[in-house]
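S.K.:
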Amino acid sequence: DQQVKQNSPSLSVQEGRISILNCDYTNSMFDYFLWYKKYPAEGPTFLISISSIKDKNEDGRFTVFLNKSAKHLSLHIVPSQPGDSAVYFCAASVGNTGNQFYFGTGTSLTVIP
Amino acid sequence: KAGVTQTPRYLIKTRGQQVTLSCSPISGHRSVSWYQQTPGQGLQFLFEYFSETQRNKGNFPGRFSGRQFSNSRSEMNVSTLELGDSALYLCASSLVAGFDEQYFGPGTRLTVT
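These protein sequence lines are chains W and X, in that order.
Once you know that position 50 of the first sequence is 50 in my numbering, the rest is easy, because the numbers rise by one and skip nothing.
Once you know that position 22 of the second sequence is 1022 in my numbering, the rest is easy, because the numbers rise by one and skip nothing.
#1: What residues are listed by DSSP as bridge partners for X/Met-1076?
#2: For W/Gly-60, decide whether its Cβ has a neighbour in chain X, counting only Cβ atoms nearer than 8 Å.
#3: Using beta-carbon positions only, say whether W/Ala-92 and W/Val-13 come within less than 8 Å of one another.
#4: I need the straight-line Cα distance from W/Trp-116 to X/Phe-1069, nearest angstrom please.
#5: Between the Cα of X/Ser-1027 and the Cα atoms of X/Thr-1111, X/Ser-1094 and X/Pro-1106, which residue gives the shortest distance?
#6: Identify each residue in the segment 43 to 73 of chain W for which the Cβ-Cβ distance to at least one residue of chain X is less than 8 Å, and report them in chain order.
#7: Since X/Phe-1064 meets chain W, which of its residues come closer than 7 Å, beta carbon to beta carbon?
#8: Between which two residues does the beta strand (DSSP E) containing W/Ala-86 stretch?
#9: Can you have a look at X/Val-1112 and say buried or exposed, based on whether 16 or more other CB atoms are within 10 angstroms of its CB?
#10: Tell me whether W/Pro-113 is buried or exposed, calling it buried when 16 or more other Cβ atoms sit within 10 Å of its Cβ.
#11: Along chain W, which residues have their Cβ under 8 Å away from the Cβ of X/Leu-1090?
#12: Counting C-beta neighbours from all protein chains within 10 Å, is the total for X/Ile-1012 16 or more, i.e. buried, or is it exposed?
#13: Which two residues bound the contiguous beta strand (DSSP E) that contains X/Glu-1048?
#14: Consult DSSP for W/Glu-58 and reduce its assignment to one of helix, strand or coil.
#15: Give the residues of chain C in contact with W/Gly-104, contact being defined as C-beta atoms less than 7 Å apart.
#16: Which residue wins for smallest C-alpha separation from W/Asp-24, given the options W/Leu-47, W/Arg-17, W/Asn-67 and W/Thr-63?
#17: Residues in its own chain within less than 6 Å of X/Glu-1052 by CB, not counting five upstream and five downstream?
#18: Checking contacts by CB at 8 Å: is X/Phe-1104 closer than that to chain W?
#19: What residues from chain W crowd round X/Phe-1045, counting only those whose CB sits closer than 8 Å?
#20: For the beta strand (DSSP E) containing W/Val-111, name the first residue and the last one.
#21: Might you give, ordered along the chain, the residues of its own chain that have their beta carbon closer than 7 Å to the beta carbon of W/Phe-46, omitting 5 neighbours on each side?
#22: Cβ of W/Pro-40 within 8 Å of Cβ of W/Thr-107?
#23: Taking the alpha-carbon of W/Asp-31 as reference, which of W/Ile-20, W/Phe-101, W/Thr-105 and W/Gln-81 has the nearest alpha-carbon?
#24: Check each residue of the segment 1003 to 1029 of chain X: if its Cβ is closer than 8 Å to any Cβ of chain W, include it; give the result in chain order.
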């Protein structure tokens, strides 16, 4: 059973506009969430994380929002750039250390110049 | 500093055979985790090793096993290969623990025919 879901397999956005990638989870025990970016032929690269004590975390153009009641998180990229074109994975775990965590199936973002 | 390296990068095996994949973490990193990536399931956690001990294990059958050596290098073994084992196998290393500190290798693409 997929505990972390990314229901949109792909997303296309114009350069300069906002990209919003969504992620839903089912396990209410999850309290740590991460986003990874993956280019073809490379391993995933950590992008940004958030713990459940916060509802927003910002790092430059990237902001992650967490809605615990809805078991939903989203990644906002503003402004989107062509170099942001990649597959984005969200992941969730119970705690940040020494625990198994679960990835979504990924959303392929294409930023159109 | 060299990144995480995985060998081989590509592998073709026949059903019923066994395979061993290798991962060399970033120098100084003591934690190594393995993941399986398939189109339908996304990234799934296999296991994590820290100081030669398996700390966590995902929900995979016993045909999947691993080990870590004293120099932190890790190997993953899959016995009695099945067609469904065809996937990209990713290894990630971290200094101690904490998923946002993980660095992924490029992966080994295993094809089972």
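All residues carry an ideal CB built from backbone N, CA and C; glycine is no exception.
M.R.: This is what the structure gives:
#1: X/Leu-1021 and X/Gly-1066
#2: For W/Gly-60, the closest Cβ of chain X is not nearer than 8 Å.
#3: no
#4: Here chain W comprises residues numbered 1 to 113, so residue 116 of chain W is not present and cannot be evaluated.
#5: X/Ser-1094
#6: Gly-43, Pro-44, Thr-45, Phe-46 and Ser-49
#7: Near X/Phe-1064 there are no residues of chain W at all, since even the closest Cβ is about 14 Å away, more than 7 Å.
#8: 86 to 93
#9: With a 10 Å radius around the Cβ and a threshold of 16 neighbouring Cβ atoms, X/Val-1112 comes out buried.
#10: exposed
#11: Gly-43 and Pro-44
#12: exposed
#13: 1042 to 1050
#14: strand
#15: Structure shown: chain C not included; protein chains present are W and X.
#16: When each option's Cα is compared against that of W/Asp-24, the closest is W/Asn-67.
#17: Gln-1068
#18: yes
#19: Gln-100, Phe-101, Tyr-102 and Phe-103
#20: 107 to 112
#21: In the same chain as W/Phe-46, and ignoring 5 residues on each side of it, the C-beta atoms closer than 7 Å to its own belong to Leu-34 and Tyr-36, in chain order.
#22: no
#23: W/Phe-101
#24: Val-1004
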